[in-house]
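Shown next, in structure tokens, is the structure this report addresses.
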Amino acid sequence: MTDTYRHKGLRAQLVKELRNKGIKDERILKAFEEIPRHYFLDKAFADWAYRDVPFPIGSDQTISQPYTVAYQTELLDIKKGDRVLEIGTGSGFQACVLAFMGARVYTIERQENLFHKTNALLEKIGYSKVRTFFGDGYAGVPRSAPYDKILITAGATEVPQTLFDQLVPGGILVVPLGNNDHQVMTKYIKKSDTECQKFTYDNFRFVPFLPGVQKQNSSGNTPDIKSPDRNKVNL
């Protein structure tokens, strides 16, 4: 993997574009300036890495538009040392942005083949400090809880109560909430075990937040296995 002056120039242009679109947190912009985003796409599509668009990464998943990553990261209000749970590892780029900002990142992926691919990439590019898990995002990662922040990187019609249970009082959960056509970026601040303050922001469109896992079997197919107990609440 190489990171050339051309790539650095493209990152500088992307940072300028994000700043012009309203991203103000300089730590986020610095992460975009420093992290080689083309590492997270197949080599044949590396030129797409610094365009402000989403792009398919296989397994019916996408690497999110850079502006979307920056936007939802800004809503999390990351502090150095925050314990952050990411639901939906995907390419791993979002997790690297959070880690670059000083967060202690725990991230879970439901698709086994994508989990292995991204886990290997994170090791290769020096982000082994990101803790990766394969499993059902609806269940979160309770053994490493509680978390200061939780980020759901898929479009949800509901948020599982299990995730709120893993958030500290005063913690923040950010999720794109809505139907399959579009979602509203939503932030919850947990006031107590029974009360959350809710804020809504701009519209986005994400791949759907699904329960269960998708395991790679001996034939190479990836059948869905749904969790028998989703422990969810409608919001």
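In this text, residue positions in the sequence shown follow our numbering: the first is -18, and each later residue adds one. Cβ coordinates follow ideal geometry from the N, Cα and C atoms, glycine included.
- Counting only runs of at least 3 residues, the stretch 33 to 76 fully encloses the following beta strand (DSSP E) elements, listed from N- to C-terminal order: 36 to 39, 42 to 44, 64 to 68.
- Residue 90 counts as buried, since at least 16 other C-beta atoms from the protein chains shown sit within 10 angstroms of its C-beta.
- Unbroken beta strand (DSSP E) stretches of 3 residues or longer found wholly inside the stretch 99 to 157: 112 to 115, 128 to 133, given in chain order.
- In the DSSP assignment, residue 13 falls within the alpha helix (DSSP H) that extends over 7 to 15.
- A Cβ-Cβ distance of about 5 Å is found for the pair residue 16 and residue 77, placing them in contact under the 8 Å criterion.
- In the structure shown, the three-state DSSP call for residue 188 is coil.
- Comparing alpha carbon positions, the residue from 103, 58, 24, 127 closest to residue 149 is 127.
- Of 3, 74, 13, 92, the smallest CA-CA separation from residue -7 is found for 13.
- Taking all protein chains in view, the Cβ of residue 179 is surrounded by fewer than 16 other Cβ atoms within 10 Å, so the residue is classified as exposed.
- The three-state reading of DSSP puts residue 197 in coil, since its state is none of H, G, I, E or B.
- In the structure shown, residue 28 falls within a helical segment according to DSSP collapsed to helix, strand and coil.
- Ranked by Cα distance from residue 3, the options 47, 93, 74 are led by 47.
- In this structure, residue 156 lies near residue 133, with their beta-carbon atoms less than 8 Å apart.
- CA-to-CA, the gap between residue 186 and residue 166 works out to about 9 Å.
- Considering only 168, -15, 112, the residue with the shortest C-alpha distance to residue 19 is -15.
- Per the DSSP secondary-structure output, residue 166 pairs in a beta bridge with 157.
- Here residue 117 is buried. Its C-beta has 16 or more other C-beta atoms within 10 Å.
- If you look at residue 20, you'll find it isn't in any alpha helix (DSSP H); DSSP assigns it neither H nor E.
- Around the beta carbon of residue 70, 16 or more other beta carbons sit within 10 angstroms, so the residue counts as buried.
- Closest in C-alpha terms to residue 5, from the list 68, 56, 113, 140, comes 56.
- According to the DSSP secondary-structure assignment, residue 180 is paired through a beta bridge with 168.
- The straight-line gap separating the alpha-carbon atoms of residue -5 and residue 32 is approximately 7 Å.
- Residue pairing by DSSP places residue 87 opposite 66, 112 in a beta bridge.
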